[in-house]
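Everything below concerns the one structure shown next.
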Amino acid sequence: MSLRCVLASLLRRQRLGVRRLRQGLASQGLASRRLASQRLASQRPSTLALAGLALGLAGLCATGIEAGVQERQPDPPSPALVRELGLTDLALFTEARYTRHLALADGHAPFQDHPMSFDHFPSASLVAPPRHD
Amino acid sequence: MTDGFRRQRYLIDFSLAAMGRRKVRNLGLLAVYSLLVFVLASVMLFTHGLRQEAKRVLAESPEVILQRLVAGRQDLIPPGYLERIGRIRGVQKIQARLWGYYYDPVVKANYTFMVPEARPLAAGEIVIGPAMARERGLVAGNLISFRSYSGRLFTFKVAEVLPQASELMSADLVLLGAGDFRAFFDFPAGHYTDITLTVANPLEVRNVAAKLAAALPDARPILREEVQRTYAALFDWREGMVLTVLSGALLAFAIFAWDKASGLSAEERREIGILKAIGWESGDVLRMKFWEGGLISLAAFLLGYLAAWVHVFHLDGALFRPVLQGWAVLYPHFRLTPEVDGLQLATLFFFTVFPYTAAVLVPIWRAAITDPDAVMRA
Amino acid sequence: MLFQPAIIALLLAAGLGVAALGLAAPFAWQILRDWDLASGSEKQLAMERRTYLFSALVGLVLGMQLAALLLFVFNADRMAESFVGAMCAVGSLQVNAWGFPALTAQIAVFFAASQWLLINHLDNQARDYPLVRLKYALLLVLLPLLALSFGLQLAYFEGLRSDVITSCCGSLFSGESRGISGEMAAIEPRLAMGFCFGSLALAIAALGRHALSSAPGRANGMFAGLAALLAFPAAIIGILSFLSLYIYEHPHHHCPFCLLKPEYGYLGYALYLPLFLGCAAGIGVGVLQPFCRHPSLAALVPPLAQRLAWVALLALVSFSGLAVGIIWQSRLILLEH
């Protein structure tokens, strides 16, 4: 009976000791991590937040600068090719002629195959209906 | 001035600390919000980039294109038609063009065959567009055979592949000599596909078109500005469609924000009650809550917009590619020129920040007017 | 044509503004009738609480309207490319009869809203809600104005058809055309210059005196406000009659909107933004003066008015400086020495 009690208390102590050791280690790790981030934490949160927003705004300005730089680059080949060949349309959808050459298609083009026919190219659902003018 | 500033800074400090106590909820909100801005901004930047590209490139296309219609369909220009146009004042150059479509059963793709007037090609030689070269695995010097509509097999030598940078305009082009073109399509002699007219003075273009329509009743003149407006309208329309679809998402987000703001936890209520008990006014609580919302929405806007910028201009709009690829085999690989548009930025800001602010206004007010004793007794 | 993000945003902003003011109107009426700070009744307490909500709500939608003016002009300028015959914002505003009235209404809303926001700001700083009746009475005046602006915008955007051939700035702002725009453009340049720079100088002097003196009088503030009110039309006349000519270096092009185009380096924004800001702030200096008498506001008004005077002063000086710089740099000679 008493032996059992002693064993149990010993066991409990051992467990406690292990737990304490673990806690100590953890707090040590935390402490070292805390030391590393102490500088950051010592800042006021508003400083950090405003700095973050300023960084975002700087990024926004950077996009403007990037656009400006790109604009000043020499003429890419497409306008020259368009001038040479007299191209009229973007090659976005090549599957049907009225989606390949949108500007040159007449108003009947999407429904031309036979009377009452439906338009059967899915990209036609992405382009606007032809203009009637 | 500095006093007011300091006061606002303390308010920011306080709201940040309060938000830090509910990290998961606020970070989740920030993530959802940024994602929403990202999707909307990507759509807007992408369509705007395409619209600008079309505008820039199409500024070089011919001023007037003349088609002949028969029973509402485009038909070939018969011999003698060019002469009937005669001389029109203001027209610098009239040119009959040869071009057509070819379906390639090997890769199940459509090509645009075209005869370049300004670039003479030797018989049996072709110049091809970059998307087609990629699809068929061709480089300059290779040979390729097409089975013509008359059943004969024609073999061409690839003289050149058009530059990749022009792919948006030239993805599916096959340029070949006039003789090859007529032989390949069995094109009737003396006939042409359509006519282009070069007009020097932009103010004259409408007069020229009116004269053409009067002289040739079966002709349909297409003006360059019409082409440009077709494309402007196309991208506007598509952008409007996508935004309409996404407005459901916006609404859902507004409901989410409303819910988030109105579902004050008991803890938060007690916080506000204590603040008021120690002397904060309703106005102060309102201001603090506004800072909370303002910081979240500004941060989400900036994050989302910048991510969209990188997505559209540096990752080539990878998420939209499948939509554009559509069901065609050939699709262009292109990189859009970055451009910042103030109107677009303002619109986007309005569409994302305004619903959020409006949705959280009433719940915030409810929280701000709570009586301290009512909260603490509960 | 209605299907454009910017148009949807504008209509949404105006529509929400009307809705918010409409919601606030019954409450405003209740305040005008029953407000009594001395009473501790349940009703009075509820009203006091509600003022926070409606002040914030109306402040939000009116703040939106300030931005909406910029968006409206920006959008009109951008839409020009989709109309035949339109080269700048004038062309798209002339597509139907509602374009210019909508712009005028939006400008009126801008100034009215800015003054209301100012009064609201002042009222929020005092502890005893001193201006609450005035604020809500003004709200009832603002509601029809905002509703009118919304209706005009709706009519304008609804009536946009891209197949209408519109006429552009060349025909509207020429000396020969009748109507107020033509009259303003046809004013003799020497006279217009005198009027424009004269009233700007007057406004700058009055605002400067108010901003710099340690104890600016109430009369001085009122005068500064009036001078700023006068400076706005004077500056617009100046832009129409001679400044535009110097910018385009063309003796007959009087358009006030082509300035906004990239060809002219977005000069218009550099001119109009300080002009609108300066005039709104300057008028505010005058609007605030009567509240000096109020005991709880007596200490609050002077510093606020002085700060506003500074803002207005800097903005108007930068506008005038830019205008003089433009005339200096231009190769057009309008006045012989």
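For the protein sequence lines, the chains are X, D and C, in the order given. Going by our numbering, the first residue of the first sequence is number 1349, and it counts up by one from there. Going by our numbering, the first residue of the second sequence is number 75, and it counts up by one from there. Going by our numbering, the first residue of the third sequence is number 84, and it counts up by one from there. Every residue gets a Cβ at the ideal spot worked out from N, C-alpha and C, and that includes glycine.
Just measuring C-alpha positions, the residue of C/Phe325, C/Leu309, C/Gln177 and C/Gln236 sitting nearest phenylalanine 280 of chain C is C/Phe325.
For proline 1393 of chain X against leucine 90 of chain D, the beta-carbon gap comes to about 4 Å, under 8 Å, which counts as contact. Taken in chain order, the complete beta strand (DSSP E) segments of 3 or more residues contained in the region 329-416 of chain D number zero; there are none. The three-state reading of DSSP puts threonine 121 of chain D in helix, counting H, G and I together. Contact between the region 216-225 of chain C and the region 105-119 of chain C is established, with three or more Cβ pairs separated by less than 8 Å. Taking all protein chains in view, the Cβ of asparagine 275 of chain D is surrounded by fewer than 16 other Cβ atoms within 10 Å, so the residue is classified as exposed.
Rounded to the nearest whole angstrom, the CA to CA distance from glutamate 127 of chain D to leucine 410 of chain D is 7 Å. With a contact defined as Cβ atoms closer than 8 Å, glutamine 141 of chain D and leucine 1452 of chain X qualify at about 7 Å. When the five nearest sequence neighbours on each side are left out, the beta carbons in the same chain lying within less than 6 Å of the beta carbon of isoleucine 366 of chain C are those of Gly308, Ala311 and Leu312, in order along the chain. DSSP, read as helix, strand or coil, puts glycine 174 of chain D in strand.
Per DSSP, proline 316 of chain C is one residue of the alpha helix (DSSP H) stretching across 301-321.
Under the three-state reduction of DSSP output, isoleucine 159 of chain D falls in the helix class.
Within the same chain, Cβ atoms closer than 6 Å to the Cβ of isoleucine 90 of chain C are found at Phe240, the five residues on either side in sequence being excluded. For the region 1408-1419 of chain X, the beta-carbon criterion of a distance under 8 Å to any beta-carbon of chain D is satisfied by Leu1408, Thr1411, Gly1412, Glu1414, Ala1415, Gln1418 and Glu1419.
Taking a beta-carbon distance threshold of 8 Å, alanine 1399 of chain X does not count as an interface residue toward chain D.
In this structure, DSSP gives leucine 195 of chain D a state outside helix and strand, which the three-state scheme calls coil. In summary, the residues of the region 387-415 of chain C whose CB is separated from some CB of chain D by less than 9 Å are Arg390, in the order they occur in the chain. Leucine 271 of chain D sits close to valine 165 of chain D, with the two beta carbons spaced by under 8 Å. With a beta-carbon spacing of about 6 Å, serine 197 of chain C and leucine 149 of chain C fall inside the 8 Å limit used to define contacts.
Around methionine 362 of chain D, the same chain offers Leu85, Phe88 and Ser89 as residues with beta carbons nearer than 7 Å, after the five sequence neighbours per side are excluded. A distance below 8 Å between beta-carbons, with the five flanking residues on each side excluded, links proline 272 of chain C to the following residues of its chain, in chain order: Ser324, Phe325, Leu328, Leu417 and Leu418.
Assignment of beta-bridge partners to aspartate 149 of chain D by DSSP yields D/Arg142.
Going by DSSP, phenylalanine 359 of chain C is part of the alpha helix (DSSP H) stretching over 350-371. Secondary structure of asparagine 275 of chain D (DSSP, three-state): coil. Straight across, the Cα-Cα distance linking alanine 133 of chain D with valine 141 of chain C is about 46 Å. The three-state secondary structure of glutamine 302 of chain D, taken from DSSP, is helix. Residues of chain D whose Cβ lies closer than 9 Å to the Cβ of proline 299 of chain C do not exist; the shortest such Cβ separation is about 18 Å.
Interface with chain D (8 Å Cβ-Cβ cutoff): alanine 1402 of chain X is excluded. With respect to the 8 Å criterion, glycine 361 of chain C and leucine 387 of chain C are not classified as neighbours on the basis of their beta carbons.
The contact set of phenylalanine 359 of chain C on chain D, defined by CB atoms closer than 8 Å, is empty, because the minimum CB distance reaches about 16 Å. Here DSSP, grouped into helix, strand and coil, assigns glutamate 1443 of chain X to coil. Shortest Cα-Cα distance from isoleucine 409 of chain C to any of C/Asp206, C/Leu350 and C/Leu396 involves C/Leu350. Remark: C-beta atoms of arginine 301 of chain C and glutamine 412 of chain C do not approach each other more closely than 8 Å.
Within the DSSP bridge table, the entry for methionine 130 of chain C names no partner. The distance from the Cβ of asparagine 158 of chain C to that of leucine 417 of chain D is about 6 Å, consistent with a contact at the 8 Å cut-off. Note on isoleucine 218 of chain D: 16 or more other CB atoms within 10 angstroms of its CB, so buried under the neighbour-count rule.
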